[in-house]
Amino acid sequence: MSRVQLALNVSNLDAAVDFYSTLFATRPSKVRPGYANFVIDQPPLKLVLIEGHGEHGSLNHLGVEVASTAEVAAATARLSGEGLACATEDGVACCYAVQDKVWVDGPDGQRWEVYTVLADTEVPEARVAPVGSVGPVEPGDAACCPACT
């Protein structure tokens, strides 16, 4: 099953968890320092809250969670075949999970990822290369986790 992911920058994680728990009538599936995520059945949504990153109340990034690495590879092939610049990552630790993913940028610069979770981890971060970049990733480059920038 695929589900859309919405990652939000929040100013107060506890208040945000309380609000979204009430709104979606469910508790978060994972809570770590400065981070929480909800796996919501109806509507199918992965809601990620990231404290202390970006402008409070702003969008951090968007995504589509898929069930397997094969689905990530298929998305990469399809998107690059349509001429979109893709940045792929395999086995990266991000948002307290090990993931395989591909990133693309929307027309207004919004970040989208298609990803699968391979395992949980206590490591919060990874550095993510900006789409279309070449060379090593530097601190401060675009990323999904608060500790990355």
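For the sequence shown, our numbering begins at 28 and goes up steadily by one. Each residue gets a CB set at the ideal place from its N, CA and C atoms; glycine is no exception.
Remark: C-beta atoms of V75 and C122 approach each other more closely than 8 angstroms. When DSSP states are grouped into helix, strand and coil, A63 belongs to the strand group. The C-beta distance from I77 to N36 rounds to 6 angstroms, short enough to fall under 8 angstroms.
Counting only unbroken stretches of 4 or more residues, no alpha helix (DSSP H) element lies wholly within the region 50-104. Note: Q126 is bridge-paired with V119 and V144 in the DSSP secondary-structure output. Contact check between the region 83-91 and the region 136-148: three or more CB pairs, one atom from each, fall below 8 angstroms, which counts as touching. Rounded to the nearest whole angstrom, the CA to CA distance from G108 to T143 is 21 angstroms. Contact check for D127 against L106 fails: the beta carbons are separated by 8 angstroms or more. In this structure, the alpha-carbon of A114 lies about 22 angstroms from that of D147.
Taking C-alpha positions only, H80 is separated from S95 by approximately 29 angstroms.
Bounds of the beta strand (DSSP E) holding N36 are R30 to V37. Pairing V44 with P60 gives a Cβ-Cβ distance that is not under 8 angstroms.
By the criterion of a C-beta distance shorter than 7 angstroms, T53 is surrounded in its chain by F65 and I67, once the five residues flanking it on both sides are discounted.
Counting of Cβ neighbours within 10 angstroms places E82 among the exposed residues, the total staying below 16. A97 and T103 have their C-alpha atoms roughly 10 angstroms apart.
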